[in-house]
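Read the sequence shown against numbering that gives the first Met the number 0 and you will find it ends at 234, with the numbers running on by one and no gaps.
Heads up, the beta-carbon is just placed ideally off N, CA and C, and yes, glycines get one too.
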Amino acid sequence: MGQHTVTSFDEDLDAIDGLIHDMGDLAGAMVAAAARSLVTSDAALAQRVVSDDALMDAHQRELDDRAITLIAKRQPVAQDLRFVVGAIRMAADLERIGDLAKNIAKRVGAVGEGVAPRELSHSIEAMAQAVMVQVGAAVARYEARDAEALMRLRDDDEKIDVQYTAAFRELLTYMMEDPRNITACTHLLFCAKNLERIGDHVTNIAENAYYVLTGRQLPLNRPKHDETALTVEPD
């Protein structure tokens, strides 16, 4: 965005941009900590993720307040208006990523108490690593004003879907092989679904960021390879 005659206008926009940056950093940290706490059964780390969600919520409320005040005072147009509306949308997705990370962390105790072997969480850990990369890339590529990279990132959600389908099938197999695994695997299935949903929110962020930068909407249809609805018990 270009400089404005009124310096305080730029300061207002910068403050909103800074909150998006902070929320992006916090979202990435929460996903990383949630995944780590799940794999290591670290209850203290999981509780920290749960506590961090309050900070994420506070950031979103502050951004919403600043954005609404800016619209009322400055009446932004063109790219400035896209920026403000896009920031509100991106903040909502980042806040939801925080909620989903919290949901994963809240299941750590239940998974840790199960009889399922620790290797059951390996596919979840691999999926979490891929999601963490995407969360960090979404805000970083927006800050770099790299529209083409955002478009590629949006299409990368297909990889997360493939990993989710693989994790779903693996966990289903463990449950069928040994009923004692059912409780722990059920919690891990919810964790995997939360990670897949985080990938969807990253896609939303990439789409909104692309629109802010270019003024163009990406096509509605995008690659989607969640095949869990087609998964059935083998003969």
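Item to check | Backbone secondary structure at residue 128 - three-state DSSP | outcome: For the purposes of this step, residue 128 is taken as the residue at position 129 of the sequence shown. Three-state DSSP puts residue 128 in a helix.
Checklist entry - Going by alpha carbons, who is nearest to residue 139 out of 17, 12, 97? => result As a position in the sequence shown, residue 139 is number 140, starting the count at 1. Cα-wise, what sits closest to residue 139 is 17.
Checklist entry - Are the beta-carbon atoms of residue 131 and residue 97 separated by less than 8 Å? => result Counting from one through the sequence shown, the residue named residue 131 turns up at place 132. Counting from one through the sequence shown, the residue named residue 97 turns up at place 98. Not in contact: residue 131 and residue 97 (Cβ atoms no closer than 8 Å).
Item to check | Host alpha helix (DSSP H) of residue 78 (start-end) | outcome: Residue mapping note: residue 78 aligns to position 79 of the sequence shown, counting from 1. 77–105 is the extent of the alpha helix (DSSP H) around residue 78.
Checklist entry - For the alpha helix (DSSP H) that residue 220 lies in, which residues bound it at each end? => result Residue numbering aside, residue 220 sits at position 221 when the sequence shown is read from its first letter. Note, residue 220: premise wrong, no alpha helix (DSSP H); not H, not E.
Checklist entry - Under the three-state reduction of DSSP, which class applies to residue 236: helix, strand or coil? => result There is simply no residue 236 to check, as the chain begins at 0 and stops at 234 in what is shown.
Item to check | Reduced DSSP secondary structure (H/G/I, E/B, other) of residue 144 | outcome: Position 145 of the sequence shown, counted from the first residue, corresponds to residue 144. If DSSP states are grouped into helix, strand and coil, residue 144 belongs with coil.
Next on the checklist: Our contact map puts residue 103 next to residue 33 with C-beta atoms below 8 Å; I'd like the distance itself, whole angstroms only.
Outcome noted: Taking the first residue of the sequence shown as position 1, residue 103 is located at position 104. Taking the first residue of the sequence shown as position 1, residue 33 is located at position 34. Residue 103 to residue 33, Cβ: 4 Å. Contact.
Checklist entry - Quick one: Cα of residue 147 to Cα of residue 170, how far? => result Taking the sequence shown and counting its residues from 1, one reaches residue 147 at position 148. Taking the sequence shown and counting its residues from 1, one reaches residue 170 at position 171. Spanning the two alpha carbons is a distance of roughly 36 Å.
Next on the checklist: What does the alpha-carbon distance come out to for the pair residue 196 and residue 93?
Outcome noted: Against the sequence shown, residue 196 aligns to sequence position 197. Against the sequence shown, residue 93 aligns to sequence position 94. Spanning the two alpha carbons is a distance of roughly 12 Å.
Item to check | Reduced DSSP category for residue 46 - H, G, I as helix; E, B as strand; rest coil | outcome: Translated into the one-based positions of the sequence shown, residue 46 becomes position 47. It is helical.
Checklist entry - When DSSP labels each residue in this structure, what does residue 278 get in the three-state scheme? => result The displayed coordinates of the chain run from 0 to 234. Any statement about residue 278 would go beyond what the structure contains.
Checklist entry - Excluding sequence positions up to five away, which residues of its chain have a Cβ less than 7 Å from the Cβ of residue 155? => result Position 156 of the sequence shown holds residue 155. So the list reads 133, once near-sequence residues are dropped.
Item to check | Residues near residue 51 by beta carbon distance below 6 Å, same chain, minus five either side | outcome: Taking the sequence shown and counting its residues from 1, one reaches residue 51 at position 52. The answer, listed in chain order, is 29.
Next on the checklist: Here's the rule: buried if 16 or more other CB atoms are within 10 angstroms of the residue's CB, otherwise exposed. What is residue 142?
Outcome noted: Within the sequence shown, residue 142 is the residue found at index 143, counting from 1. By the 10 Å Cβ count, residue 142 comes out exposed.
Item to check | Closest by C-alpha distance to residue 151, when choosing among 165, 164, 218, 124 | outcome: The residue you call residue 151 lines up with position 152 of the sequence shown. It is 218 whose Cα lies nearest to the Cα of residue 151.
Checklist entry - How should residue 214 be labelled, buried or exposed, when 16 other C-beta atoms within 10 angstroms of its C-beta is the threshold for buried? => result For the purposes of this step, residue 214 is identified with residue 215 of the sequence shown, where counting begins at 1. Counting Cβ neighbours within 10 Å, residue 214 comes out exposed, since fewer than 16 surround it.
Item to check | Classification of residue 220 by the beta-carbon crowding that lies within 10 angstroms, buried from 16 upward | outcome: The residue labelled residue 220 in the question sits at position 221 within the sequence shown. Classification of residue 220: exposed, given that the 10 Å Cβ count is below 16.
Checklist entry - Alpha carbon to alpha carbon, how far is residue 40 from residue 216? => result Reading the sequence shown from its first residue, position 41 is the one you call residue 40. Reading the sequence shown from its first residue, position 217 is the one you call residue 216. Taking the straight line joining both Cα atoms gives about 42 Å.
Next on the checklist: By alpha-carbon positions, which one of 13, 149, 100, 79 ends up nearest to residue 31?
Outcome noted: Looking up residue 31 in the sequence shown gives position 32. The shortest C-alpha separation from residue 31 is found at 100.
Checklist entry - Could you give the C-beta distance for residue 206 and residue 153, rounded to a whole number, given that I count them as a contact under 8 Å? => result Stepping through the sequence shown from its first residue, residue 206 is reached at position 207. Stepping through the sequence shown from its first residue, residue 153 is reached at position 154. Right, their Cβ atoms sit about 6 Å apart.
Item to check | Extent of the continuous alpha helix (DSSP H) run through residue 17 | outcome: Counted from its first residue, the sequence shown places residue 17 at position 18. Unbroken alpha helix (DSSP H) run through residue 17: 6–39.
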